[in-house]
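Participant: Line order of the protein sequences matches chains A and B.
Those letters in the first sequence? Residues 3 to 357, per the working numbering, in order.
Those letters in the second sequence? Residues 3 to 357, per the working numbering, in order.
Number of protein chains: 2
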Amino acid sequence: MKETLAQSRFFKVEKLEAFIKTAFMAIDMSEQEAGIIAELMADADLNGVDSHGIFRLPHYIRRLKTGGINLHPEIKVEREKSGMALVNGDNGMGHLVMKYAADLAVQKAKSNGVAWVGTKYSNHAGPASLYAKIPLKDDMIGLYVAIGNANHLPPWGGTEMLLSTNPIAIAVPAWEEAPVVLDMATTVSAYGKVKTAAQRGEEMPEGWMVDRQGKPLTDPNRAEEGFLLPIGGYKGYGLALLLGLLAGTLNGAAMGKDVVDWNADDVSVTNTGQFIVAISIESFAEIETFKRAVDGVVRSMQSSPTLPGFDKVQVPGEQSFAKKQERTANGIPMHEKLFQSLQNLASELKIEPLQ
Amino acid sequence: MKETLAQSRFFKVEKLEAFIKTAFMAIDMSEQEAGIIAELMADADLNGVDSHGIFRLPHYIRRLKTGGINLHPEIKVEREKSGMALVNGDNGMGHLVMKYAADLAVQKAKSNGVAWVGTKYSNHAGPASLYAKIPLKDDMIGLYVAIGNANHLPPWGGTEMLLSTNPIAIAVPAWEEAPVVLDMATTVSAYGKVKTAAQRGEEMPEGWMVDRQGKPLTDPNRAEEGFLLPIGGYKGYGLALLLGLLAGTLNGAAMGKDVVDWNADDVSVTNTGQFIVAISIESFAEIETFKRAVDGVVRSMQSSPTLPGFDKVQVPGEQSFAKKQERTANGIPMHEKLFQSLQNLASELKIEPLQ
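(1) Under 7 Å between beta-carbons, which chain B residues line up against HIS257(A)? List them in chain order, please.
(2) Going by other Cβ atoms of all chains shown within 10 Å of its Cβ, with 16 needed for buried, is ASP185(A) buried or exposed?
(3) Whose C-beta lies closer than 6 Å to the C-beta of MET286(A) among residues of the same chain, with five residues either side of it excluded?
(4) Using a Cβ-Cβ cut-off of less than 9 Å, list which residues of the stretch 108-119 of chain B approach chain A; keep chain order.
(5) Grab the span of the beta strand (DSSP E) containing GLN276(A) for me, first residue to last.
(6) Along the chain, where does the beta strand (DSSP E) that runs through GLU358(B) open and close?
(7) Can we say the stretch 263-281 of chain B touches the stretch 120-128 of chain B, given the rule of at least three CB pairs closer than 8 Å?
(8) If we define contact as Cβ-Cβ less than 7 Å, is ALA295(B) a contact residue for chain A?
(9) If PRO169(A) sits next to ALA148(A), beta carbons under 8 Å apart, how far is it from one beta carbon to the other, in whole angstroms?
(10) Report yes if the CB atom of VAL79(B) is closer than 7 Å to the CB atom of GLY91(B), and no otherwise.
(11) Please list, in chain order, all residues of the same chain as MET303(B) whose beta carbon is under 6 Å from its beta carbon, the five residues on each side excluded.
(12) Candidates ILE233(A), TYR62(A), TRP210(A) and VAL182(A): which alpha carbon is nearest ARG224(A)'s?
(13) Can you say whether GLY203(B) is buried or exposed, counting buried as having 16 or more other CB atoms within 10 angstroms of its CB?
(14) Rounded to whole angstroms, what is the Cα-Cα separation between GLN215(B) and PRO232(B)?
(15) Beta-carbon within less than 6 Å of GLY70(A)'s beta-carbon, same chain only, minus the 5 sequence neighbours each way: which residues are those?
(16) According to DSSP, simplified to helix, strand and coil, what is LEU356(B)?
(17) Shorter than 7 Å from the beta carbon of LEU42(B) to some beta carbon of chain A?
(18) Output, in sequence order along the chain, the residues in the stretch 49-82 of chain B whose CB is closer than 9 Å to any CB in chain A.
(19) In the DSSP output, what is LYS1(B) paired with across the bridge?
(20) If you drop the 5 nearest sequence neighbours on each side, which residues of the same chain put their C-beta closer than 6 Å to that of ILE278(B)?
(21) Taking Cβ-Cβ distances shorter than 7 Å, what residues in chain A pair up with ASN237(B)?
(22) I need the straight-line Cα distance from GLU354(A) to GLY333(A), nearest angstrom please.
(23) Are LEU164(B) and GLY258(B) closer than 7 Å when you measure CB to CB?
(24) Just how far apart, CA to CA, sit MET142(A) and LYS135(A)?
(25) When you check each C-beta in the stretch 136-154 of chain B against every C-beta of chain A, which residues fall closer than 9 Å?
(26) Measure the beta-carbon distance from ALA176(A) to VAL296(A) and round it to whole angstroms, keeping in mind my assumption that it falls under 8 Å.
(27) Considering only C-alpha positions, which residue in the set HIS74(B), VAL190(B) and LEU351(B) is nearest to TYR239(B)?
(28) Classify ASP2(B): buried if its beta carbon has 16 or more other beta carbons within 10 angstroms, exposed otherwise.
(29) In whole angstroms, give me the CA-to-CA distance for PHE13(B) and ALA173(A).
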């Protein structure tokens, strides 16, 4: 049965952030690192990415406690040229590794115009949009790609799940309009949405997954019996494969059959790969001119006449931006099942429960 | 009626290349520039991209003769930092502008590791894969995106055609296997395929286009009455939009409603934008190690068990690579309608006809 918003509890983002930070510190993470991760995770919830925020906390904690993620990583640059770097995350939390990588890309792009930073020995880092948006504050465009942390996608025409959803995110700043932020898996649905549906007891629409006979699979609790479908058929497969070669293989990170199923295994080092590109707008154009041009593109899309069944045309990032404003004002809704799992976590870690 | 291969003529790639070069020289293009374009165009046919090779010659010639494309452009770098450049193509042939941009990206990536080169005042440059593959010979990965030369895609839920198919191509070298080369439009079908279908008198499959009521459109001669569908619905729209901001808006090139319909207008300056990223593999990894890892990924995909209805799993670029070998041996097939249009062109330009 679908749980309604009326049945949810609401929490201010600061509450979630404080809870997350306290939870990580309770297992001996440094205050500074716990703070970085908590801010990113709570921001995911604030922006409406319910599948990639505090929902993941019990899993992260479990993996940190078993040693499957390194609590005290030494994140460092392994290779470097003026326009690129390869960061070794030392199996630390993906959020820490990617924050480090994104900040480095921005710093390098200041002098080089464009910089590409790859990661290896990273981990699940939450929603792709978080990192693509980091360069925005420096008047840069961000482009981020990650190897997903479990294979749910076979090559087109195949049945062996050799690929992950390998999401791509691109964030472009505007002048008066909200930034344009694309965050998409190369599959029709991200696997995180399947997990959220399962937790909420919701059915999946047809087209998200098929079973091993190629028939539609709509029960998220049977997700293990099938696989995700790529967007555009062989095109989405091709995109997942090529982005995987760039985010994984090029960085010496896991790709294809070497990807560890993060949902089934709390111990093995995932060697997750990601990359981020920071593009300094002022290298290409006068910043205000560019941002006003983006405003123009956004407005022309929004003012298109609509097809029957559509109220208005939206631009990527628009829903998330509206959700952020709404949730900043009214709090972040939390379903009972997630709330209970966080209360259990609090009791296990002997920290103050959420309230 | 579908024309069969048995009804086609076959030409060696050298024949096509020589014909193209002679045609451009007949309208006063320099021998060197005609040679560069002819090699790229013939390579498109050799690789099986029939919609983007010699098929486009009459159109290019027409636009060059009307002055819609600059016969004698001064292509130059307008802005530059160590990791990027913005190239002004001076409204020259897109092939020339993009060859210049790709060579520059490769040169910059040698010292910087990664380099991003954008273009403005460029033009239609043929298949995206041509340019993504240029860095391969220097042991680099190529990533190329272009603004398409006519808008056939509305924003998701809209009816106004504000976006082009904005193709993306990524080429990654392997050790023993063929390079992995993705070349995809962000629409289910490229518009070039619609044009080829119209020329061949073939129906389009459902799912390529819909009419303005949202109903399937399968007659390619009615293409003007509808629009292309994006891959993955709103995802493909988002990808087309964001790639357009990067390849168009960032470079000061046309994007969205400013895109000139190249098929309907032989005169207006298109101000086409593109970008290419060259990624030097040795900056990230030992070259042989990386290429062997790519071999491993390719082979694991190919050896996946198949779904009913599939003989084998393929990797992007595999069909094109096989076609290149087959066409190198047996020649490039040409349909009668295209052959006749090239004979007419030869007579108009007073050059030796194809034979």
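For each residue, glycine too, the CB sits at the ideal point set by N, CA and C.
Since the model is a prediction, treat every value here as computed from it, not as a measurement.
Facilitator: According to the structure shown:
(1) The displayed chain sequence assigns Met, not His, to residue 257(A). Chain B residues near MET257(A): VAL299.
(2) buried
(3) In the sequence as displayed, the identity of residue 286(A) is Phe instead of Met. The answer is none, since no qualifying residue turns up.
(4) LYS110, ALA111, SER113, ASN114, GLY115, VAL116, ALA117 and TRP118
(5) 274-282
(6) With chain B represented from 3 up to 357, any question about residue 358(B) goes unanswered, as that position is not in the structure.
(7) yes
(8) yes
(9) 6 Å
(10) no
(11) VAL315 and VAL317
(12) TRP210(A)
(13) exposed
(14) 16 Å
(15) ASP268 and VAL269
(16) coil
(17) no
(18) ARG81 and GLU82
(19) This structure does not reach residue 1(B), given that chain B is present from 3 up to 357, and the question cannot be answered.
(20) ALA103, ALA104, ALA107, VAL119, TYR133 and TYR146
(21) In the sequence on display, residue 237(B) carries Lys and not Asn. MET186 and ILE233, listed in chain order.
(22) 19 Å
(23) yes
(24) 9 Å
(25) ILE143 and LEU145
(26) 4 Å
(27) VAL190(B)
(28) Past the edges of chain B, shown from 3 to 357, lies residue 2(B), and the structure says nothing about it.
(29) 47 Å
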